[in-house]
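Working notes for the structure below.
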Amino acid sequence: MLSNLLKYNSFVVKDSDDFVIDSNQKVMDKISSIKKNIKAASFITPGEPDADGFVSGLSAQVVEELTEPDEEAATQEEINVQTEEILEAARNEADSIINQAHREAEYFINAAKDEGYEQGLKNGSADVEKRIKELETEYENKKNELETEYRNKMSEIEPELVDTLLKVFSKVTHTMAEDKKDMIICLINSVMNNTDISREFIIHVSPEDYRFAISNQHMISGAVSKDTQIEITEDSALKRNECLIETDAGVFDCSLDVQLDNLIKDIRLLSCMGTDKK
């Protein structure tokens, strides 16, 4: 910015009242000459009076120089006034030069300050922008790190969580099944509802479930159909809520434990698939 500024000359003025003004040198020389003549005249001894009674004294040249007030303006008062005017003009001119120098110095100082301020703003803005980019990069890296850590933790926790939930589920299911007498009917229907290729069914149940199954045979799906033949037998090898169904297509195990095992396998499979997608 400073390279485009107009440059001015600088001045250094000493703080002194002594100035030499060339244009008034002749006046000062004249004053000095008059003072010398006056001093010389004071040492002249008056001569003897001549025939006319005139006594010689100051020379004509001296008298002439002392008696030229109009031509040379040489009275002491006028000289002092003129000298004071010259000095006053010199002082005013010096003050003007000093003030101009101060103004120019202040101008250049302010210009330098403005340039420094603008440069400081540019540098400050660049530093702020650089810091923002650094923080954004740091944030993105931290985000990716946390996401990776989260996925790893979930991969470790999910299997353990599924195992815990399934154990609780199995335990609760068995507990509920102990008090739910019609559980055997539900297990039988889970197969009967999905088997359409057979018309004859032999259902094996445990001794604990046999009486209830016989008494509620009408609740079995397809039992009321004339085209379906259902036979319920007691099997001492089975425990409560265990059931085997013989059909034309084969034997189906619809025991509660088997159903739970199949359900648990499905849940584990879904859990693994969900983890792989992540």
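Quick note: the sequence shown uses the numbering used here, first residue 15, plus one each step. The beta-carbon is built from N, C-alpha and C at its ideal position, and this holds for glycine as well.
- With a contact defined as Cβ atoms closer than 8 Å, Asp223 and Ile244 miss out at about 15 Å.
- Glu256 places its beta carbon less than 9 Å from that of Asp271.
- For Asp241, no beta strand (DSSP E) run applies, since DSSP gives it neither H nor E.
- Leu201: member of the alpha helix (DSSP H) spanning Met197 to Met206, first to last residue.
- For a cut-off of 8 Å, the C-beta gap from Thr247 to Ile228 is around 10 Å, too long to register as a contact.
- Gln96 and Glu102 have their alpha carbons spaced roughly 10 Å apart.
- Contact between Ser212 and Cys268 does not hold, since their C-beta atoms are separated by about 14 Å, which reaches or exceeds 8 Å.
- Cβ-Cβ separation between Asp249 and His218: approximately 4 Å, consistent with a contact (criterion under 8 Å).
- Per DSSP, the unbroken alpha helix (DSSP H) holding Ile228 starts and ends at Pro221 to Ser229.
- Nearest in C-alpha terms to Ala251, of all of Gln231, Pro221, Phe122 and His232, is Pro221.
- Of the other Cβ atoms in all chains shown, 16 or more fall within 10 Å of the Cβ of Met206; this residue is therefore buried.
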